[in-house]
Structure formats: structure tokens, C-alpha cells
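>
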Amino acid sequence: MTDMMPRREALRLAALAAATPSAMALTATAATGPAQAETRAAAPQRNDPPTPGSWIVKPFANDQVTLGESLFSANRDRMLNFLRAYPADRMLANFRANAGLDTLGAQPPGGWDDATGNLRGHYSGHFLSALALAYAGSGDAFYKDKVDYMVTALGQCQDALAARVGEPAPPPKPVARVEGRFGRAAKLDGPQYVSLPAGIVSGLDDFTIAIWVNPAAITTWSRIFDFGANTTRNMFLAISAGSGPRFAITTSGGNGEQRVNATGQLPANQWSHVAVTLSGGTGTIYVNGAPVGTNTAMTLRPSSLGSTANNWIGKSQYGDAYLRASVDELQIYDRALSQAEITALTTSADGGLGGGNVAWYRFDEESGESAGDSSGRAADARLVSEPTGAPGPSLKTPPSGRPTTPAT
1 MTDMMPRREA LRLAALAAAT PSAMALTATA ATGPAQAETR AAAPQRNDPP TPGSWIVKPF
61 ANDQVTLGES LFSANRDRML NFLRAYPADR MLANFRANAG LDTLGAQPPG GWDDATGNLR
121 GHYSGHFLSA LALAYAGSGD AFYKDKVDYM VTALGQCQDA LAARVGEPAP PPKPVARVEG
181 RFGRAAKLDG PQYVSLPAGI VSGLDDFTIA IWVNPAAITT WSRIFDFGAN TTRNMFLAIS
241 AGSGPRFAIT TSGGNGEQRV NATGQLPANQ WSHVAVTLSG GTGTIYVNGA PVGTNTAMTL
301 RPSSLGSTAN NWIGKSQYGD AYLRASVDEL QIYDRALSQA EITALTTSAD GGLGGGNVAW
361 YRFDEESGES AGDSSGRAAD ARLVSEPTGA PGPSLKTPPS GRPTTPAT
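Sequential numbering of the sequence shown, starting at 1, is according to full-length UniProt numbering.
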């Protein structure tokens with residue numbers, strides 16, 4: 001078998017090959033501010049394959065297109081400004097973390113590209129493609145330099161992973177205990193969550209679930225709690241659905257959800273008390289004792305879900321990003337507390353109510369994988385840390401043609 005070109009070299013050549021002999025008016029006239037072209041790289045000779053004469057629609061080069069002043073040129077300039085300003089190190093953060101390298105203080109982009117998202121790395125491919133197209137259209141070496149930086153850094157990640165061939169996966173780090181709102185708290189950081197006993201809410205109709213949460217970040221769709229069997233039958237409280245927390249319950253998947261949407265985002269890096277109640281057909285979300293969202297047409301309840309085995313704090317049935325937050329005083333009641341009672345829970349650990357009568361997790365243990373149930377029902381929970389890495393790939397030797405420029 002012949003040696004294949006390393007992917008990083010293919011990316012470089014793609015950026016160069018797409019460049020045109022004379023740059024189209026992509027940035028020559030309309031780009032201003034940070035997107036203004038400063039350095040024009042000499043474009044390489046094009047060597048495109050011949051176009052069959054029978055083709056009615058034929059390919060054309062970028063230099064054959066000129067954008068006049070329009071919405072299109074304005075959006076082009078906006079994208080060029082973004083490509084200039086957005087830190088490449090953020091697009092590289094997940095790759096470096098996975099390879100055990102320094103992330104240089106950069107955080108991943110978020111959303112699908114969160115540190116624990118199942119599609120992490122996805123945005124980076126689009127970003128590289130956009131940089132290559134920006135260079136092809138403008139000839140501005142800034143964009144090519146950014147491609148070179150990223151490809152070199154990805155090569156360093158590949159080298160680091162190759163060096164770990166045969167090593168076992170690193171052990172998961174335990175869930176830390178930190179100062180809580182009352183006593184101690186569990187700090188969920190990365191692929192960590194709390195697993196409650198199977199069926200813990202299966203017999204409930206009216207209910208209250210209350211918890212203190214101190215988020216390190218507000219990541220859309222991360223779960224404060226998610227109780228269910230799968231993506232078809234579940235009920236969850238997302239820390240944000242875009243504009244604030246959302247409670248939803250369904251027995252028929254996402255399209256069948258009955259929802260309560262809260263107004264206003266929770267603040268990051270400070271404690272908030274969040275509670276969800278269901279009383280008859282009325283579902284309510286409370287934040288710090290105040291109602292912030294209500295739905296008076298609820299017909300589903302926890303008992304509608306049947307037996308649930310996946311009862312989690314900080315983890316989603318859908319594979320959304322894990323919750324990054326400290327959690328404290330999780331209480332589950334078999335009735336809907338009044339607003340006055342929920343307000344009382346913000347003043348002390350049990351608010352004078354004696355604690356949740358279905359379950360009450362105080363997270364006061366100093367260490368270990370167990371969170372004791374203080375309700376008297378012995379429904380202890382388990383603190384779970386999932387592996388954060390994997391054994392090195394089955395690569396025998398580094399690919400040839402590796403760039404040696406350090407990504408600094």
C-alpha cells in the first residue's frame with residue numbers, strides 16, 4: 001500500500017489550491033476594520049482538471065465573482081471579521097484536552113462543542129473550511145497563517161496521542177466535595193453526575209423537586225435533573241433552554257413534551273435555589289422562592305413514565321453536555337409545596353419542613369461515591385465519574401511530513 005498524504009498537509013494544500021491568481025473583490029473594497037486585508041499572498045498556479053465540453057454548467061474560479069455593495073457583501077465582511085477575531089485556541093481546546101496537552105487557558109466554543117458534548121470538534125472543521133475559503137477569496141495571508149497554526153497544533157495532538165499507544169485509559173477523577181449552600185456540596189465537573197435509585201419518582205403524581213445549584217457555566221440543555229427510561233419517556237429540568245430553565249415531561253419523545261418555561265437565566269458562579277412543583281394540572285418553576293414559569297394544562301406526571309432506571313442529576317437522556325455545577329440539598333416530596341414552603345427552603349437546609357419525604361440528599365460526605373439519603377428511606381444515591389480519556393490509538397509510527405512549527 002502506498003503512503004497516504006497526512007490530513008494536515010491536505011488541508012494546507014486545499015487552502016492554497018483554492019486561492020485564485022488575482023483575488024476576487026472579497027475584501028478589496030468592502031472589508032473594513034479588523035477584516036481589512038493587510039497582506040496579500042502570491043497565489044499558486046492553478047492546475048484544475050479539464051472541464052468536459054459537454055457540461056452546460058461549468059466550474060468557475062473565485063476571481064470571476066465580484067460582490068457589489070449589498071446584504072451579501074455585508075455578511076461576507078461580518079464573517080471575515082469573525083474569522084479574524086475568534087481565537088483559534090478555543091477551536092483547539094477539546095483536541096488538546098483529549099491529548100493531555102495544555103489548552104493555553106482556552107475554553108471550548110460550547111453548545112455541541114462543549115468539553116463533554118458528543119459532537120465536540122465539529123465546529124473546528126467548519127472553522128478550518130471557512131479560513132481556507134477566506135484565504136482563497138482574499139489572498140490575505142492572515143487566514144492561511146491561522147490554518148497553519150491550527151493544523152500544526154492538531155499534529156501535536158496526534159503526536160501526543162500516538163505516544164500513548166498501549167497505555168491504559170486514565171482513571172476518572174472523583175466527584176469533589178466543596179463548600180455548599182448549607183454544609184458541603186457535590187461539584188460536578190466534566191462527565192460527572194449523580195445517579196438516584198431506579199423508580200424513585202415512579203409512584204408520584206403531585207410532587208416537588210428542589211435543589212440548590214451553583215453553575216460554573218450556563219450551557220443550553222445541560223440537565224439539573226433528568227429522570228426517565230430513555231429519550232421517549234422522561235422528565236427533566238434543563239438549566240437553560242435558550243432563555244431560561246425549562247421543565248418538560250413526555251411519554252412520546254421530544255414532540256410530545258409538556259413544558260414549563262422559566263423567564264430569565266440563572267446566574268453563573270453563584271447559588272440559586274430551583275424548584276419544580278406539579279399540583280393537579282399546574283406545573284410551576286420557582287427560582288429563589290419566586291415563581292418564574294407556569295403551565296396550567298399539564299396532564300402527564302411522574303407516574304405516567306412507568307418504571308425509570310435513569311434518574312440523574314447533571315446528565316441527560318439525550319447526550320447533551322453534562323452539567324458543570326455544584327449541587328446541594330436535593331429534596332423530593334410527594335406533594336406540591338406552597339410558595340411559602342419553597343421560600344422557607346431558601347432559608348435553611350430543610351426550611352423547617354423536615355426535608356424531602358421521598359428523598360433528601362445533603363451531599364455532606366467529605367469523599368466517596370455515595371450520597372446518603374436523609375429522608376429515612378435509605379434511597380442512597382451514587383456519584384459517578386465517567387472516563388475522560390481512552391487508550392492511545394493503534395498508530396504505530398507518526399505520519400511522515402509532520403510540520404515542526406510549534407503552536408505558540
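We put the beta carbon where it would ideally sit given N, CA and C, even for glycine.
Note that the structure is a prediction, hence the values are computed from the model and not measured.
Can you tell me the Cα-Cα spacing of V201 and A106, whole angstroms?
By one-based count along the sequence shown, residue 201 stands at place 201. By one-based count along the sequence shown, residue 106 stands at place 106. For V201 and A106, the distance between alpha carbons rounds to 40 Å.
> Just to confirm, is the Cβ distance from L127 to M79 under 8 Å?
Translated into the one-based positions of the sequence shown, residue 127 becomes position 127. Translated into the one-based positions of the sequence shown, residue 79 becomes position 79. Inspection of the sequence shows that residue 127 is occupied by Phe rather than by Leu. For F127 and M79, no; Cβs fall outside 8 Å.
> If you draw a straight line from the alpha carbon of G242 to that of T220, how long is it in whole angstroms?
As a first step, residue 242 must be located in the sequence shown, where it is residue number 242. As a first step, residue 220 must be located in the sequence shown, where it is residue number 220. Between G242 and T220, the C-alpha separation is close to 6 Å.
> What are the boundary residues of the beta strand (DSSP E) that includes V276?
Residue numbering aside, residue 276 sits at position 276 when the sequence shown is read from its first letter. Start and end: S272 to S279.
> Would the beta-carbon of W312 fall within 8 Å of that of V194?
By 1-based counting over the sequence shown, the position of residue 312 is 312. By 1-based counting over the sequence shown, the position of residue 194 is 194. In this structure, V194 lies closer than 8 Å to W312 by Cβ.
> Of all the options H273, A198 and Y333, which has the alpha carbon lying nearest to the alpha carbon of I209?
Locating residue 209 in the sequence shown gives position 209, counting from the first residue. Comparing Cα-Cα distances from I209 to each of H273, A198 and Y333, the minimum goes to Y333.
> Measure the beta-carbon distance from G289 to T343 and round it to whole angstroms, keeping in mind my assumption that it falls under 8 Å.
The count along the sequence shown starts at 1 and reaches residue 289 at position 289. The count along the sequence shown starts at 1 and reaches residue 343 at position 343. Between T343 and G289 the Cβ distance is about 4 Å, and since that is below 8 Å, they are a contact.
> Considering just the uninterrupted stretch of the alpha helix (DSSP H) at L161, what are its terminal residues?
As a first step, residue 161 must be located in the sequence shown, where it is residue number 161. Here the alpha helix (DSSP H) through L161 covers A141 to A162.
> So, do the region 233-242 and the region 301-320 have three or more beta carbon pairs nearer to each other than 8 Å?
The region 233-242 vs the region 301-320: in contact.
> Answer with buried or exposed for Q270, where buried requires no fewer than 16 other C-beta atoms within 10 angstroms of its C-beta.
Looking up residue 270 in the sequence shown gives position 270. Looking at its Cβ environment, which holds fewer than 16 other Cβ atoms inside 10 Å, Q270 is exposed.
> How many Å lie between Y361 and A379 at the Cα?
Locating residue 361 in the sequence shown gives position 361, counting from the first residue. Locating residue 379 in the sequence shown gives position 379, counting from the first residue. In a straight line, the C-alpha of Y361 is about 9 Å away from that of A379.
> In this structure, how does DSSP classify S326 when only helix, strand and coil are distinguished?
Here residue 326 corresponds to residue number 326 of the sequence shown, with the count starting at 1. Reduced to three states, the DSSP call for S326 is strand.
> If contacts are defined as beta-carbon pairs under 8 Å, then residue 409 and R76 qualify, I think. What distance do you get, rounded to the angstrom?
No statement about residue 409 is possible, as the shown extent of the chain runs from 1 to 408 and does not include it.
> Grouping DSSP H, G and I as helix and E and B as strand, with all else coil, what is Q192?
What you label residue 192 is simply residue 192 of the sequence shown in a count that begins at 1. The answer is strand: DSSP assigns Q192 an E or B state.
> Could you pull out every residue in the same chain whose Cβ sits closer than 7 Å to the Cβ of K58, ignoring the five residues on either side in sequence?
For the purposes of this step, residue 58 is identified with residue 58 of the sequence shown, where counting begins at 1. Around K58: T51.
> Please say whether Y286 and A275 have beta carbons closer to each other than 8 Å?
To locate residue 275, count along the sequence shown from 1; it is residue 275. To locate residue 286, count along the sequence shown from 1; it is residue 286. Closer than 8 Å, so yes.
> Just curious, the beta strand (DSSP E) that G354 is in, first and last residue?
Residue mapping note: residue 354 aligns to position 354 of the sequence shown, counting from 1. Counting along the chain, G354 falls outside any beta strand (DSSP E), and DSSP gives it neither H nor E.
> Looking at the structure shown, is G137 part of a helix, part of a strand, or coil, going by DSSP?
Taking the sequence shown and counting its residues from 1, the one referred to as residue 137 is at position 137. Reduced to three states, the DSSP call for G137 is helix.
> Considering only the alpha carbon of each residue, which of E69, V358 and L133 lies closest to A61?
One-based indexing of the sequence shown puts residue 61 at position 61. When only C-alpha atoms are compared, the closest one is L133.
> Which residues in the same chain have their Cβ closer than 6 Å to the Cβ of I249, if we skip the five residues on either side of it in sequence?
Working through the sequence shown from its first residue, we reach residue 249 at position 249. Closer than 6 Å at Cβ, skipping near neighbours: M235, Q258 and L300.
> With three or more C-beta pairs closer than 8 Å as the rule, is the region 318-327 touching the region 106-122?
Yes: the two stretches touch, three or more of their Cβ pairs being nearer than 8 Å.
> Let me know the secondary structure DSSP gives R78 once reduced to three states.
Locating residue 78 in the sequence shown gives position 78, counting from the first residue. Here R78 sits in helix by DSSP.
> Go ahead and pull the three-state DSSP assignment for N98.
Indexing the sequence shown from 1 puts residue 98 at position 98. In the structure shown, N98 sits in a helix (DSSP, three-state: H, G or I).
> How many Å lie between R96 and V147 at the Cα?
Here residue 96 is taken as the residue at index 96 of the sequence shown, counted from 1. Here residue 147 is taken as the residue at index 147 of the sequence shown, counted from 1. One C-alpha to the other measures close to 16 Å.
> Output needed for L196: all residues of its chain with C-beta closer than 6 Å, excluding positions within five of it in sequence on either side, in chain order.
Here residue 196 is taken as the residue at index 196 of the sequence shown, counted from 1. Only N311 and A381 meet the Cβ criterion.
> Buried or exposed: which applies to N118, given that a residue is buried once 16 or more other Cβ atoms fall within 10 Å of its Cβ?
For the purposes of this step, residue 118 is taken as residue 118 along the sequence shown, with counting starting at 1. N118 should be labelled exposed.
> Leaving aside the five residues before and after D205 along the sequence, list all residues of the same chain whose C-beta is less than 6 Å from its C-beta, in chain order.
As a first step, residue 205 must be located in the sequence shown, where it is residue number 205. The answer, listed in chain order, is R301 and S303.
> Do I211 and S222 have their C-beta atoms closer together than 8 Å?
Locating residue 211 in the sequence shown gives position 211, where the first residue counts as 1. Locating residue 222 in the sequence shown gives position 222, where the first residue counts as 1. Not in contact: I211 and S222 (Cβ atoms no closer than 8 Å).
> Tell me the rounded alpha-carbon separation between F182 and G256.
Numbered from 1 along the sequence shown, position 182 holds the residue referred to as residue 182. Numbered from 1 along the sequence shown, position 256 holds the residue referred to as residue 256. The straight-line gap from Cα to Cα measures roughly 37 Å.
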